[in-house]
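The numbering used here puts the first residue of the sequence shown at 1375, with every later residue one more than the last.
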Amino acid sequence: MAILWLVIHIAPHPLFDIVNQDLEVVLPLAPWEAALGAKVSVPTLKERILLTIPPGSQAGQRLRIKGKGLASKKHTGDLYAIIKIVMPPKPDEKTAALWQQLADAQSSFDPRQQWGKA
């Protein structure tokens, strides 16, 4: 009697990472889409879906899309869209002025306030 061992390697997908039966996809968003909320098209394994981005979304935030992961006999995993904020290329004068207005309006906001604190 012979025993056959079979080793299967799954090649990386250009969009999705596999975590157990769940899938992860990096979702690039413009700063205003994250701040104001948006509806964006997101790829799944079978189709594209429209995902609602809540206002005030943060970089690294994981948005769960139930039942769009890998399927098995007993369970279907979920798809997690992980937000990545993508800045536009070098701003022109008008865009820089708008960013400055935003900075002035939020002058008390310090994103590093809790940095290094336990």
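We treat Cβ as the ideally placed atom computed from N, Cα and C, and that holds for glycine.
Rounded to whole angstroms, what is the Cα-Cα separation between residue i and residue j?
| i | j | result |
| --- | --- | --- |
| A1385 | A1470 | 43 angstroms |
| A1433 | N1394 | 23 angstroms |
| L1401 | M1375 | 51 angstroms |
| E1407 | S1446 | 34 angstroms |
| V1399 | R1438 | 11 angstroms |
| V1414 | A1455 | 11 angstroms |
| H1383 | T1450 | 21 angstroms |
| E1421 | P1388 | 16 angstroms |
| K1448 | A1409 | 38 angstroms |
| I1423 | M1461 | 24 angstroms |
| S1481 | L1472 | 14 angstroms |
| F1483 | W1489 | 13 angstroms |
So, under 8 angstroms CB-CB, residue i and residue j are touching, yes? Tell me the CB distance rounded to an integer number of Å.
| i | j | result |
| --- | --- | --- |
| D1391 | G1443 | The pair is not a contact, with the Cβ atoms about 11 angstroms apart (cut-off 8 angstroms). |
With 16 as the cutoff for other CB atoms within 10 Å, does residue i come out buried or exposed?
| i | result |
| --- | --- |
| L1453 | buried |
| L1403 | buried |
| I1457 | buried |
| I1427 | buried |
Requested in this report: Could you tell me whether the segment 1465-1482 touches the segment 1420-1437, where touching means 3 or more Cβ pairs closer than 8 angstroms?
Outcome: No: the two stretches stay apart, fewer than three of their Cβ pairs being nearer than 8 angstroms.
Query raised in the report: Could you give the uninterrupted runs of the beta strand (DSSP E) lying entirely in the segment 1433-1477, keeping only those of 3 residues or more?
Result: Look at the segment 1433-1477 and you find these whole runs of beta strand (DSSP E), each 3 residues long or longer: 1436-1439 and 1453-1459.
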